[in-house]
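What follows is one structure encoded as structure tokens, with my remarks underneath.
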Amino acid sequence: MTGTCVIGLQWGDEAKGKIVDILTREHDFVVRYQGGANAGHTVVVGDQVYKLSLLPSGILTPGVTCVIATGVVLNPARVIEELDELAQRGVGHPENLRISDRLNVIFPWHFAEDRALDKSTSDGENIGTTGRGIGPCYRDKVGRSHAVRLGDMYRPTFRSQVEHIVAAKNRVLAVLYPANEFKPLDAAGIVSEYSAYAERLRPYVCDTNELLLSAAESGKRILFEGAQGALLDVDHGTYPFVTSSNSSGVGISSGSGVPARHIGRIIGVVKAYSTRVGGGPFPTELANEIGQRMRDRGNEYGTVTRRPRRCGWLDAVTVRYTSRLSGVTSISVMLLDVLAGFDELKICTAYQIDGRQTTQFPSHVDDLRRAEPVFETLPGWREEITACRSFDKLPANARRYLRRISELVGQPIEMVSVGPEREQTIVVKT
Ligand code: GDP
Ligand code: IMO
Ligand code: MG
Numbered sequence: 504m505t506g507t508c509v510i511g512l513q514w515g516d517e518a519k520g521k522i523v524d525i526l527t528r529e530h531d532f533v534v535r536y537q538g539g540a541n542a543g544h545t546v547v548v549g550d551q552v553y554k555l556s557l558l559p560s561g562i563l564t565p566g567v568t569c570v571i572a573t574g575v576v577l578n579p580a581r582v583i584e585e586l587d588e589l590a591q592r593g594v595g596h597p598e599n600l601r602i603s604d605r606l607n608v609i610f611p612w613h614f615a616e617d618r619a620l621d622k623s624t625s626d627g628e629n630i631g632t633t634g635r636g637i638g639p640c641y642r643d644k645v646g647r648s649h650a651v652r653l654g655d656m657y658r659p660t661f662r663s664q665v666e667h668i669v670a671a672k673n674r675v676l677a678v679l680y681p682a683n684e685f686k687p688l689d690a691a692g693i694v695s696e697y698s699a700y701a702e703r704l705r706p707y708v709c710d711t712n713e714l715l716l717s718a719a720e721s722g723k724r725i726l727f728e729g730a731q732g733a734l735l736d737v738d739h740g741t742y743p744f745v746t747s748s749n750s751s752g753v754g755i756s757s758g759s760g761v762p763a764r765h766i767g768r769i770i771g772v773v774k775a776y777s778t779r780v781g782g783g784p785f786p787t788e789l790a791n792e793i794g795q796r797m798r799d800r801g802n803e804y805g806t807v808t809r810r811p812r813r814c815g816w817l818d819a820v821t822v823r824y825t826s827r828l829s830g831v832t833s834i835s836v837m838l839l840d841v842l843a844g845f846d847e848l849k850i851c852t853a854y855q856i857d858g859r860q861t862t863q864f865p866s867h868v869d870d871l872r873r874a875e876p877v878f879e880t881l882p883g884w885r886e887e888i889t890a891c892r893s894f895d896k897l898p899a900n901a902r903r904y905l906r907r908i909s910e911l912v913g914q915p916i917e918m919v920s921v922g923p924e925r926e927q928t929i930v931v932k933t
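Residue numbers (this note's numbering): 504 to 933.
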């Protein structure tokens, strides 16, 4: 089994980009397989910071084939912007990029639908999407009749396909928007804009299913880069406050086209506390000065939308659930440095729901809303740990905190991150 996957075990932004960057050098392929430009993955190399939304984090490393696989929804303008930005900075290896001709493409109507529909969740609370057209594009993909795959854009039927869809979408948007805000979409303009994108992307487009299956079968080392976090999984997360793809481990095969038997190592990425961007229940949220302190120390502002991230204590109930769901074989604990200086730290070990205590993650969002966290309190540590490079050199209380996380989640810790840079990483020998 040659595949390794990096999966976020919370609500996203666990620092997956950093772990993927570290592991890239041991791999031949790096694959993005779900989500789209809602993701924002940060890679720090020396004094340079790279924020990648669609390009796999491996694009910065020579000799690695980077694949945007079939399960991704692609905003072509955004991927071109990212390629241009890397070219301007004189870095990256676009010659190694491959994009699936089967993936679905995001069009202007998806942005318009995303803006209109996010305000109208049935229970009144907004999902608070990133506004990148993700949900509407996945909806059209599953609905089939109004979807465009990247491969369609190179066919003579592309123009008539867009004309047909635009006629239907204009009827939908006229209902979703008040008359004074509705601007009909112009099919001819969209065809010409998207045809230019198609030409620009032509060198990269191929059948990535064939590419990846051949790679897996011939023992190439493949690294799968999960986007979002497992609690945002459309089927298994905090529905409906989720994204529209399978962002937990269960989505690796459907998104990439590589069967599970080729994937042997699944690293669950866990932030040492919890964050969430957008709406939805968050049992351990700290809407107080402790949460603000985490936000300040962790610079917890969305990579894509710059929204302040909601912060809270680590929730071991959710992480144990997502770790089991994702088939995790080890965990990496990230941003541990942010917790230095707290007198005490809390970990949620169970929920109290209507007077009953449980360690089971509730399947209905209403139950999660009523869940009161049962906390275990551990002593904190005062010393900054950003210069620490070995497990033994960490303060005793930091080691104790990590051991307790490992016990509660039921997985060994493989890496601990004490700062954004590659070097600020402790490899834990087990
Ligand atoms: P991703 O979406 O999971 O790839 O994570 P993001 O890049 O959106 O957010 C993680 C943020 O934390 C980025 O700004 C990283 O540079 C930063 N980061 C990564 N590891 C550490 C760490 O150990 N400590 C601190 N303080 N920041 C980190
Ligand atoms: P990375 O890969 C954190 C959240 C949005 C919103 C919900 C649905 O950087 O970890 P969408 O635009 O996907 O329909 O929004 O999901 N969300 C993320 N939160 N990190 C992400 O990606 C996210 N991608 C989507 O804030 O609550
Ligand atoms: Mg992010």
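Ideal placement from N, C-alpha and C gives every residue a C-beta, glycine not left out.
- In this structure, the straight-line span from the alpha carbon of Q591 to that of D689 is close to 32 angstroms.
- Residue ranges of uninterrupted alpha helix (DSSP H) with 4 or more members, entirely inside the segment 633-674 and ordered along the chain, are 637-646.
- The alpha-carbon of A763 is positioned some 10 angstroms away from that of G754.
- Distance check between D736 and each of P923, G752 and R724 places G752 closest, using alpha-carbon atoms only.
- Here the residues close to the ligand MG, judged by CB distance below 5 angstroms to any of its heavy atoms, are D516, G543 and T806 in chain order.
- Residue nearest to I609 within the set E585, A619 and G634 is G634 (criterion: CA-CA distance).
- Judged by the Cβ position, G561 fails to qualify as a neighbour of the ligand GDP at the 7 angstroms threshold, every heavy atom of the ligand being at least this far.
- Leaving aside the five residues that flank S756 on each side, the residues in its chain whose CB is nearer than 7 angstroms to its CB run, in chain order, P762 and A763.
- Under the Cβ criterion (8 angstroms, minimum of three pairs), the segment 717-724 does not count as touching the segment 553-564.
- The ligand IMO approaches S747 closely enough that one of its heavy atoms is under 7 angstroms from the residue's Cβ.
- Here L828 really is in contact with A733; their C-beta atoms are around 6 angstroms apart, less than 8 angstroms.
- Assignment of beta-bridge partners to S748 by DSSP yields no partner.
- The beta carbon of G511 lies closer than 7 angstroms to those of E517, K519, G729, Q731, G732, A733 and V772 in the same chain, with the five residues before and after it left out.
- Of the residues N900, K774 and R798, the one whose Cα lies closest to the Cα of E886 is N900.
- E917 and A572 have their C-alpha atoms some 27 angstroms from each other.
- Bounds of the alpha helix (DSSP H) holding G794 are E792 to G801.
- Burial state of M797 is buried, judged by a 10 Å Cβ sphere holding 16 or more other Cβ atoms.
- Take the alpha-carbon of L714 and the one of M656: they are about 21 angstroms apart.
- Collapsing the DSSP output to three states places Q855 in a strand.
- Following the DSSP letters along the chain, one finds H613 inside the alpha helix (DSSP H) bounded by residues P611 to L620.
- In this structure G543 touches T806 by the C-beta definition: roughly 3 angstroms separates them, less than 8 angstroms.
- Within the DSSP secondary-structure output, D818 pairs in a beta bridge with C851.
- Rounded to whole angstroms, the gap between the alpha carbons of G627 and G782 is 11 angstroms.
- Straight across, the Cα-Cα distance linking A691 with N673 is about 14 angstroms.
- Using a cutoff of 7 angstroms, the CB of N541 counts as near the ligand IMO, since one of the ligand's heavy atoms is closer than that.
- Here the C-alpha atom of D643 lies approximately 21 angstroms from the C-alpha atom of V708.
- Within 10 angstroms of the beta-carbon of Y804 lie fewer than 16 other beta-carbons, which makes it exposed.
- Taken through DSSP and simplified to helix, strand or coil, Y904 comes out as helix.
- Closest in alpha carbon position to A540, among K554, V548 and V546, is K554.
- In the DSSP annotation of this structure, the continuous segment of the alpha helix (DSSP H) that includes I693 starts and ends at A690 to L704.
- S909 sits in a helix when the DSSP states are folded into three classes.
- Residue range L600 to S603 is occupied by the beta strand (DSSP E) that includes L600.
- Distances taken from the Cβ of R809 to the heavy atoms of the ligand IMO include none shorter than 7 angstroms.
- Distances between the C-beta of K932 and the heavy atoms of the ligand GDP are all 7 angstroms or more.
- DSSP places Y776 outside both helix and strand once states are collapsed to three, so it counts as coil.
- The ligand GDP approaches K521 closely enough that one of its heavy atoms is under 7 angstroms from the residue's Cβ.
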